[in-house]
Amino acid sequence: MSSILEGGRLGRYHIQEQLGRGGMATVFKARDPSLNRTVAIKVLAFLRADEPAFRERFGREAQAIARLNHPNILQVFDVGEDKGFTYIVTEYVSGGTLLDRLGSPYNLEDSLRILRPLAEALDYAHASGIVHRDIKPSNVLMNDDAEPVLADFGLSVAMEQMYHVTAPQEAIGTPEYMSPEQAMGRDVDHRSDLYALGILCYQLLVGVVPFHANTAAATMMAHVHQPLPLSEGDDVDLQPGVKATLLKALAKNPDERYQSAMGLVEALAASLPSVQSAVMEPDSPTVALPKAVLSPDSTTQHPMGGATDGHELHALPRLAGRLNRRLLVAVGVAAGVVAALALAMTFALNSGNPSASGDTANLSAAPISNDPDSPSVAKAAPAPIASIRGAEAD
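Take our numbering: the last position of the sequence shown gets the number 402, and nothing is skipped along the way.
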């Protein structure tokens, strides 16, 4: 095929070079002269233009895929036929595939940088009723910003359509990434994609796929029957929370898996050290700040936002009560000073105008109160609370 097409034309596209070749398609870099842009062309090895029934149905699938508009899904531009071949024209992504970047295990944070955009893309496609069926590292392209782009939606669909006629019992896909139901040749839905995403997650974190045997059939049956290798004897060093997430993501029963790709990713993200620190040490200034502001003589010290226990939570009302008592003492002292000044003023006024003594005494006594619910006390007490709210706003 490459000798026929390379350096030539396919439809209106000028073929420049072969980029890759697999069992399902041969990929070429090409130039679209109409729009003056570089594109990728996948020439389908298994679907020829002289098979009208498959060609028509595949055309409908391609149109549905072309309507997907997501930054992490490879954009389909065109579908055509020429020289006896059916081909798909897509955007050109120059950064290679995720398969090229696999080797040593990724840490959790780096794994999530890859998994989160893929999860968003999958949930978007699933909401549109489209299932990928063949998620694997070689179908994840990497753009120049190291962002993953999910490719080859629909190719496995077309392959299934062809092979289910000629070999109805054959399972289509990549054995290492097949869900148990897919390996058994059963109908699949979006949860099969979620299982494959779980396999990819395992591979990123551990460095190898969980199930691999000498034959494709044995590998497929491992997905159906063998437990996920996560025990200590499997030499897998993962946090308990990560292991629990993988066990749920790769459950044999589709009903027991995460029902969305982002559900899987968010569960995985909960095991990040920063998230666990936030859970163990909640950012709770309403507890920490009163302890520092209202009780500077306290001998127990914690960093701001540090871990707290029930005793410290209960200490807040007692501190507030201590503050109220101190405020009452301060108010009483202030009242005494005001009273002394009032008496002095009364004495001075009485010496010049004896008739004014009664009114002056009444006016000076009005603001003085020892009632903690009086406006003077109520306005003083919220001062530290205002500082707490200010800290929360920060």
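A virtual CB, placed ideally from N, CA and C, is assigned to each residue, including glycine.
Remember, it's a predicted structure, so these values are computed and weren't measured experimentally.
- Every unbroken beta strand (DSSP E) inside the region 173-226 [3 residues or more]: none
- Roughly how far, in whole angstroms, is the beta-carbon of Leu-5 from the beta-carbon of Ser-112, given that I think they are within contact range, below 8 Å? The requested residue 5 does not occur in the structure, where the chain is confined to residues 9 to 402.
- Message: Rounded to whole angstroms, what is the Cα-Cα separation between Gln-26 and Asp-108?
- Response: For the purposes of this step, residue 26 is taken as the residue at position 18 of the sequence shown. For the purposes of this step, residue 108 is taken as the residue at position 100 of the sequence shown. Each residue's alpha carbon lies about 17 Å from the other.
- Item | Cα-Cα separation, Val-196 to Arg-17 | Within the sequence shown, residue 196 is the residue found at index 188, counting from 1. Within the sequence shown, residue 17 is the residue found at index 9, counting from 1. In a straight line, the C-alpha of Val-196 is about 38 Å away from that of Arg-17.
- Item | Contact under 8 Å by Cβ, Met-150 with Ala-191 | Position 142 of the sequence shown, counted from the first residue, corresponds to residue 150. Position 183 of the sequence shown, counted from the first residue, corresponds to residue 191. No, the Cβ-Cβ distance between Met-150 and Ala-191 is not below 8 Å.
- Use the C-beta contact count for Ser-187: other C-beta atoms within 10 angstroms, 16 or more gives buried, fewer gives exposed. Residue mapping note: residue 187 aligns to position 179 of the sequence shown, counting from 1. Answer is buried; the Cβ neighbour count reaches 16.
- Task: Select from Cys-209, Leu-123, Ala-269 the residue whose C-alpha is nearest the C-alpha of Leu-254.
- Result: As a first step, residue 254 is located in the sequence shown; it is residue number 246 there, counting from the start. Checked all of Cys-209, Leu-123, Ala-269; the closest Cα to Leu-254 is Cys-209.
- Query: Among residues of its own chain, excluding the 5 on either side of His-22, which ones have a beta-carbon nearer than 7 Å to its beta-carbon?
  - Reply: Along the sequence shown, one-based indexing puts residue 22 at 14. Hits under 7 Å: Ala-38, Arg-39, Pro-41.
- Query: Which class does Leu-149 belong to by DSSP, given the choice of helix, strand or coil?
  - Reply: The residue given as residue 149 occupies position 141 in the sequence shown. It is a strand residue.
- Cβ of Thr-3 within 8 Å of Cβ of Lys-144? The question about residue 3 has no answer, for the chain in this structure spans 9 to 402.
- Message: To the nearest angstrom, how far is the alpha carbon of Ala-257 from that of Arg-20?
- Response: If you number the sequence shown from 1, residue 257 lands on position 249. If you number the sequence shown from 1, residue 20 lands on position 12. C-alpha separation (whole angstroms): 44 Å.
- Task: List the endpoints of the continuous beta strand (DSSP E) containing His-22.
- Result: Within the sequence shown, residue 22 is the residue found at index 14, counting from 1. Counting along the chain, the unbroken beta strand (DSSP E) around His-22 starts and ends at 21-29.
- Boundaries (first-last residue) of the alpha helix (DSSP H) holding Arg-265: Locating residue 265 in the sequence shown gives position 257, counting from the first residue. Per DSSP, Arg-265 belongs to no alpha helix (DSSP H) and is neither H nor E.
- Taking the alpha-carbon positions, what's the Phe-62 to Leu-272 distance? For the purposes of this step, residue 62 is taken as residue 54 along the sequence shown, with counting starting at 1. For the purposes of this step, residue 272 is taken as residue 264 along the sequence shown, with counting starting at 1. Rounded to whole angstroms, Phe-62 to Leu-272 spans 35 Å at the Cα level.
- Query: Where Leu-43 and Val-216 are concerned, what is the direct C-alpha to C-alpha distance, given to the nearest angstrom?
  - Reply: Taking the sequence shown and counting its residues from 1, one reaches residue 43 at position 35. Taking the sequence shown and counting its residues from 1, one reaches residue 216 at position 208. So the two alpha carbons sit approximately 42 Å from each other.
- Message: On the DSSP bridge list, what partners appear for Tyr-95?
- Response: Indexing the sequence shown from 1 puts residue 95 at position 87. DSSP lists Val-51, Gly-88 as partners of Tyr-95.
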